[in-house]
Amino acid sequence: MVEIVNVVGSGDLGIEIDLQELAADIPLAEYDDSHRPAPPTIQMRTGNSLILVYRTGTYAIRGGESIEDIEEARDHLLSILVDLSLIEDINDPNFAIRNVVCVGNLDQDIDLNAMVVRLGFEDTEYEPEQFPGLVYRPEYTNCVLLIFASGKVVITGGRSKKDAEMAFESLQAEIETF
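Heads up: the sequence shown is residues 1 to 178, going by UniProt numbering.
Pasting the structure below:
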């Protein structure tokens, strides 16, 4: 069983945006150009989610604890832009969930050195001097699993909770045969 801890989505409005003007029109939005060389953004929070809007019209939403959180934040942003007459409707066909980050627990300690051998050198990275977890990139999924000696696992790269669950269940099956 895995639990979602973060969801990231992004979209493209197909228009360029004057960020300073837009920030002035949205009460809780902040114009931020302090992270050079990163491009300036407008940042605003809705619930747990942080919305970042770029001059190019692209936007990213992160920090949601569910896909629904991200979709609600998207709808909130798009309805504001409709109210300001910057876009015609709240549909963004370019919007997609890009990453669902989940955590799971194998409920046992893991010998990471032995796990590297078991999972295969070509699909794993383990350098404990650099990072305390084993990085596992199985061929059968886009998910990347970060496996820790405590049995905790972080699953990234999936587009849904189901992707993460399938990757985690495959790892559990691999460990059971170990």
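Built from N, CA and C at the ideal position, the CB exists for glycine as well.
Excluding its 5 nearest sequence neighbours in each direction, residue 137 has C-beta neighbours in its own chain below 6 angstroms: 123, 144, listed in chain order.
Pairing residue 172 with residue 106 gives a Cβ-Cβ distance under 8 angstroms. Sixteen is the threshold: when 16 or more other Cβ atoms of the shown chains lie within 10 Å of the Cβ of residue 164, as they do, the residue is buried. If you draw a straight line from the Cα of residue 115 to the Cα of residue 167, it is about 16 angstroms long. For residue 26, the closest C-alpha among the options 127, 71, 146, 86 is that of 86. By the 16-neighbour rule on beta-carbons within 10 angstroms, residue 92 is buried. No residue range can be given for residue 17, since it is assigned to no beta strand (DSSP E) and is classified by DSSP as neither H nor E.
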